[in-house]
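Peer 1: Quick one: this structure, given as structure tokens, is what I'll be asking you about.
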Amino acid sequence: MKAEDERQREHRSPVTGHRSLKSGRRPGKVWLIGAGPGDPELLTFKAARALREAEIVLVDELVDRRVLAHARRDARIVDVGKRGGCKSTPQAFIERLMVRLAQRGAAVARLKGGDPFVFGRGGEEALALTRAGVAWEVIPGVTAGIGVPASLGIPVTQRDVARGVTLITGHSGDGSEPDWRALRAGATTLVIYMGIKRVGSLVGAMLEAGFPADTPACAIQNGTLARQREVVTTLGRLPRAVVEAQLGSPAILVVGEVVRHARIATESTAQRVA
Ligand code: SAH
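Numbered per this note's numbering, the sequence shown spans residues 527 to 800.
Shown next as structure tokens:
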């Protein structure tokens with residue numbers, strides 16, 4: 527009787543709240559997890575708990591491998607990001623894979639850099655899962671656009687100098703350009719993701735739209751990691767500074783008065799150009 531009770535005991539996952547019978551199989555599920563901008567210590571407790579439960583972990587390219595220390599030892603780790611110049615796994619394939627695995631009853635962790643819903647395609651994946659009737663949960667992460675400037679002491683919404691912060695992409699996919707005049711009028715700090723390779727044309731368009739060339743600006747590569755590098759300068763000088771410092775992806779650009787708060791350690795590889 528006791529053994530029977532034990533077998534039938536309800537198990538409730540601490541993360542999902544899902545009930546399951548020990549003897550049965552729990553329904554499949556996908557966690558869309560934000561791993562933060564780089565430093566593995568910026569992972570949330572909730573993300574670590576979900577990783578401890580996941581049987582399969584689908585990892586994006588920007589996720590630091592040290593985060594996987596939280597995964598189960600027997601978890602299947604699948605890299606779905608582009609590495610070494612290889613083509614990334616097509617988005618539709620990843621979505622189908624997640625649906626199939628969850629429908630077979632697997633607990634799947636989809637691990638993404640930063641926050642899954644900020645330029646991370648998490649929204650598209652959530653939609654695909656909903657359409658397929660798969661249960662999913664999003665676990666937010668520290669987005670690069672806020673956590674990376676913070677690593678330099680830049681408060682992106684510092685009162686008195688910034689009304690807010692606007693997160694935009696420098697790489698629209700459809701070739702369209704942001705409405706720079708409207709962004710200038712908005713008087714918020716601008717954080718540009720995926721813009722480092724186009725920094726010359728982006729800055730050119732901003733200057734044309736009336737952004738003053740002496741607006742403080744910086745570019746930060748590999749933010750929050752030991753290999754972080756940055757240049758802190760003005761908007762007008764930013765393209766040249768980026769080239770001279772040979773900064774590349776992944777990097778964010780930050781434009782606005784708040785950049786004056788940047789604290790740069792003298793021993794770092796940083797360059798203060800202005
Ligand atoms: N979902 C992620 C963004 C994915 S888009 C987030 O919320 O942060 C990828 C872009 O994010 C990169 O091209 C770069 O612009 C930015 N990024 C991600 N990690 C970064 C890091 N450690 N340092 C600087 N920029 C980073």
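Glycine included, every Cβ here is placed at the ideal spot set by N, Cα and C.
(1) Hey, how far is the Cα of Val-725 from the Cα of Ala-652?
(2) Within the present structure, is the beta-carbon of Ala-561 separated from the nearest heavy atom of the ligand SAH by less than 7 Å?
(3) By how many angstroms is the C-alpha of Glu-734 removed from the C-alpha of Gly-640?
(4) Buried or exposed, going by whether 16 or more other CB atoms sit within 10 Å of the CB of Phe-645?
(5) Does DSSP put Ala-580 in a helix, a strand or coil?
(6) What residue range is occupied by the uninterrupted beta strand (DSSP E) comprising Ala-745?
(7) What residue range is occupied by the uninterrupted alpha helix (DSSP H) comprising Thr-656?
(8) If we require 3 or more residues per run, which beta strand (DSSP E) segments fall completely within the segment 635-717?
(9) Between the C-alpha atoms of Thr-695 and Ile-718, what's the straight-line distance to the nearest angstrom?
(10) With a threshold of 7 Å (Cβ to nearest heavy atom), would Thr-750 be considered close to the ligand SAH?
(11) Would the beta-carbon of Gly-639 be found less than 7 Å away from any heavy atom of the ligand SAH?
(12) With Ile-620 as the anchor, note down where its alpha helix (DSSP H) starts and where it stops.
(13) Apart from the five residues on each side of it in sequence, which residues of its chain come closer than 6 Å, Cβ to Cβ, to Gly-611?
(14) Just checking: is the beta-carbon of Glu-621 within a distance shorter than 8 Å of some beta-carbon in chain C?
(15) Skipping 5 residues on each side, what residues in its chain have a beta carbon closer than 7 Å to that of Leu-709?
(16) Put His-787 into one of helix, strand or coil per three-state DSSP.
(17) Name, in chain order, the residues that DSSP records as bridge partners for Val-556.
(18) Quick one: what's got a C-beta closer than 7 Å to Glu-621's C-beta in the same chain, skipping five residues either side?
Peer 2: Straight from the coordinates:
(1) Rounded to whole angstroms, Val-725 to Ala-652 spans 31 Å at the Cα level.
(2) no
(3) Cα to Cα, Gly-640 sits roughly 31 Å from Glu-734.
(4) buried
(5) coil
(6) Where Ala-745 is concerned, the enclosing beta strand (DSSP E) stretches over 742-747.
(7) 648-657
(8) 662-665, 691-695
(9) 5 Å
(10) yes
(11) Yes; taking the cut-off as 7 Å, the Cβ of Gly-639 has a heavy atom of the ligand SAH nearer than that.
(12) The continuous alpha helix (DSSP H) containing Ile-620 extends over residues 617-629.
(13) With a pLDDT of only 47 at Gly-611, under 50, the local geometry of the prediction cannot be trusted, and the value read off the model is given with reservation. Counting only Cβ-Cβ distances below 6 Å, and skipping sequence neighbours, we find nothing.
(14) Of the protein chains in the structure, only one exists, and it is not chain C.
(15) Around Leu-709: Thr-692, Leu-716.
(16) Reduced to three states, the DSSP call for His-787 is helix.
(17) Val-556 is bridged to Val-634, Trp-662.
(18) Glu-651, Ala-654
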